[in-house]
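In my numbering, the protein residues as written are 49 to 646.
Ideal Cβ placement from N, Cα and C applies to all residues, glycine included.
Source: prediction; values computed, not measured.
I have placed the structure first, in the form of structure tokens, so that the comments after it can refer back to it.
As structure tokens, this is what we get:
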């Protein structure tokens, strides 16, 4: 165990984590010339296309130093704020972390929040200054900021360039010297922490774990503490670039386990593996459960694919512990699921993975957050409202509470005015403003989570020309003046389009929704009224005019009464059609409601 080092890489988006991981793998000879490629660990198509890391990946390397060999277990983590739970899981399996900061972009909001995560778990931090080869880099200034942030010495910061490989040797030496070897006892009963799992269609579920105490052998009988089910370990091994089978793995190491489990629900991330005969096994404290921030309905386009969608969601959930879903039905869309996501990017990724990996075409409804409603009848009892259509009638409603967050935004001093006006427009309250340096400011706001769900992040990037970075943490529920705006098509409410909106903005948003839908819904043979309503009061209306078929085309010349007769007949038909007419709503309409500002 003295020769093992477990560490992860944490940083803001695009500060060069995956590239640095490539250099570490090359330098330790873990990849052959033939296997080399950029962002080697990002093996999902989506990750390569978008150039972001979505899943954390574990890989083992060996490094010789002072004539002894060290085993380094690296866990590469995502940088996007939506995937911070992936980072927290990786941190739980490590003793140290490389904190990577871009020499051109300086410390960003996500760098700081990830750093706090690592410090809470008592990790040894190694500061790394990346991209020193860029012409716009200012290594001296950024090093001073890192020293201020961490309280370390300036000579402890390692300058590297992950692109050219300069300084990588120093990082490996620092990992061996500074990060402690794992504490644990291989003679104690087996305890291992599950930090990830993947579904393999041929071999069932592969579980990735970190052994805290004891050891695990091939064909050993084990149990998962949370579900209390026992299995036989068909195969155990370590995670090199490809899985390497081993007869036994000992305390402190990171490995994988294949038990032939088929059911997705039987493996929980954060669970503990113990020996099957160990009656005293208790779970290791590691993770708290993930709390989803954004809710949306996901429905199959074809109602018959409901069961397929369910199994696809279960397999995704294995690999993505933060996705939660419950069945629901909608009058407009049939049967589907109400899903909880960590943010809008997470929602997009899930939707895209469903389409790519499982071939499902789905409709996603307007995302929203969860609220608490209190009725006049029982003012003490709180009702959880995940779907705006579940909100009680205004006459029965006492009050509504919505989740609030503390948002920390780091931006250049030139854009403070723009950022402030955006946050105030989104019902934010300025709490604090600190100058980190003469040109960089940290603004702290308290604002409703519902306001940042849709397009806040995109607009923040626009008003700050891409310079602002953003991070948030929930601070609890607060009372708010919210009303439900319903959209009626042809006098029938479409439950998938209703939204909870602050009373001051309800009128303008209702009007915008109607105008937007008028552009997107195709014309029918009859007039289609689109109305926005609060309770029974209509606040806005647009009408999609009917297409008119020329029924008199075949009457050339002759008496006018012949044409009149045909037109009267058409009028009657239209009247009957309007009574039974139903309107198809295209998928764009559901998504367009979110982008009302464009």
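Minimum C-alpha distance to residue i - residue among the options
{"i": "residue 508", "options": "526, 468, 487, 498", "result": "468"}
{"i": "residue 561", "options": "588, 531, 538", "result": "588"}
{"i": "residue 174", "options": "185, 184, 197, 616", "result": "197"}
{"i": "residue 592", "options": "577, 258, 351, 599", "result": "577"}
{"i": "residue 277", "options": "530, 326, 169, 200", "result": "326"}
{"i": "residue 138", "options": "280, 162, 530, 154", "result": "162"}
{"i": "residue 348", "options": "300, 412, 320", "result": "412"}
{"i": "residue 177", "options": "68, 205, 171, 222", "result": "205"}
{"i": "residue 203", "options": "211, 222, 212, 210", "result": "222"}
{"i": "residue 426", "options": "417, 445, 432, 611", "result": "445"}
{"i": "residue 364", "options": "402, 316, 340", "result": "402"}
{"i": "residue 144", "options": "457, 210, 56, 61", "result": "56"}
{"i": "residue 485", "options": "616, 458, 506", "result": "458"}
{"i": "residue 340", "options": "388, 350, 378, 168", "result": "388"}
{"i": "residue 146", "options": "201, 69, 114", "result": "69"}
{"i": "residue 392", "options": "580, 424, 318, 500", "result": "500"}
{"i": "residue 524", "options": "453, 281, 566", "result": "453"}
Exposure of residue i, with buried meaning 16 or more beta-carbon neighbours within 10 Å
{"i": "residue 179", "result": "buried"}
{"i": "residue 461", "result": "exposed"}
{"i": "residue 394", "result": "buried"}
{"i": "residue 121", "result": "buried"}
{"i": "residue 375", "result": "exposed"}
{"i": "residue 250", "result": "exposed"}
{"i": "residue 199", "result": "exposed"}
{"i": "residue 166", "result": "buried"}
{"i": "residue 478", "result": "exposed"}
{"i": "residue 519", "result": "buried"}
{"i": "residue 615", "result": "exposed"}
{"i": "residue 512", "result": "buried"}
{"i": "residue 170", "result": "exposed"}
{"i": "residue 319", "result": "buried"}
{"i": "residue 496", "result": "buried"}
{"i": "residue 487", "result": "exposed"}
{"i": "residue 317", "result": "buried"}
{"i": "residue 156", "result": "buried"}
Alpha-carbon spacing of residue i relative to residue j, whole angstroms
{"i": "residue 53", "j": "residue 634", "result": "53 Å"}
{"i": "residue 309", "j": "residue 533", "result": "46 Å"}
{"i": "residue 535", "j": "residue 551", "result": "16 Å"}
{"i": "residue 152", "j": "residue 516", "result": "14 Å"}
{"i": "residue 372", "j": "residue 342", "result": "11 Å"}
{"i": "residue 421", "j": "residue 441", "result": "11 Å"}
{"i": "residue 543", "j": "residue 554", "result": "17 Å"}
{"i": "residue 571", "j": "residue 595", "result": "6 Å"}
{"i": "residue 239", "j": "residue 321", "result": "6 Å"}
{"i": "residue 384", "j": "residue 398", "result": "15 Å"}
{"i": "residue 159", "j": "residue 66", "result": "15 Å"}
{"i": "residue 521", "j": "residue 60", "result": "16 Å"}
{"i": "residue 241", "j": "residue 582", "result": "50 Å"}
{"i": "residue 586", "j": "residue 574", "result": "21 Å"}
{"i": "residue 538", "j": "residue 584", "result": "15 Å"}
{"i": "residue 194", "j": "residue 283", "result": "44 Å"}
{"i": "residue 472", "j": "residue 396", "result": "27 Å"}
{"i": "residue 480", "j": "residue 456", "result": "9 Å"}
Expected contact under 8 Å - CB spacing of residue i and residue j to nearest Å
{"i": "residue 263", "j": "residue 256", "result": "Not really, about 17 Å apart at Cβ, beyond 8 Å."}
{"i": "residue 75", "j": "residue 150", "result": "Not quite, the Cβ-Cβ distance comes to about 21 Å (not below 8 Å), so this is no contact."}
{"i": "residue 415", "j": "residue 360", "result": "Incorrect: roughly 20 Å between the Cβ atoms, too far for contact."}
{"i": "residue 434", "j": "residue 475", "result": "Between residue 475 and residue 434 the Cβ distance is about 21 Å, and since that is not below 8 Å, they are no contact."}
{"i": "residue 51", "j": "residue 118", "result": "5 Å"}
{"i": "residue 408", "j": "residue 353", "result": "7 Å"}
{"i": "residue 232", "j": "residue 261", "result": "5 Å"}
{"i": "residue 230", "j": "residue 49", "result": "6 Å"}
{"i": "residue 269", "j": "residue 324", "result": "4 Å"}
Spatial neighbours of residue i in its chain, beta-carbon cut-off 7 Å, leaving aside the 5 residues before and after
{"i": "residue 216", "result": "71, 72, 75, 208"}
{"i": "residue 563", "result": "590"}
{"i": "residue 546", "result": "436, 437, 532, 533, 534, 535"}
{"i": "residue 610", "result": "603"}
{"i": "residue 190", "result": "149, 151, 154, 177"}
{"i": "residue 141", "result": "54, 123, 241, 243, 258, 302"}
{"i": "residue 188", "result": "none"}
Cβ neighbours of residue i in the same chain (closer than 6 Å, five flanking residues each side left out)
{"i": "residue 482", "result": "490"}
{"i": "residue 219", "result": "206"}
{"i": "residue 419", "result": "433, 448, 450"}
{"i": "residue 265", "result": "296"}
{"i": "residue 559", "result": "588"}
Residues of its chain near residue i, where Cβ-Cβ distance is below 8 Å and the 5 sequence neighbours each way are ignored
{"i": "residue 314", "result": "253, 272, 275, 277"}
{"i": "residue 653", "result": "Here the chain has residues from 49 to 646 only, and residue 653 is not among them."}
Closer than 7 Å: residue i CB and nearest the ligand FMN heavy atom
{"i": "residue 214", "result": "The ligand FMN is not part of this structure, which contains no ligands at all."}
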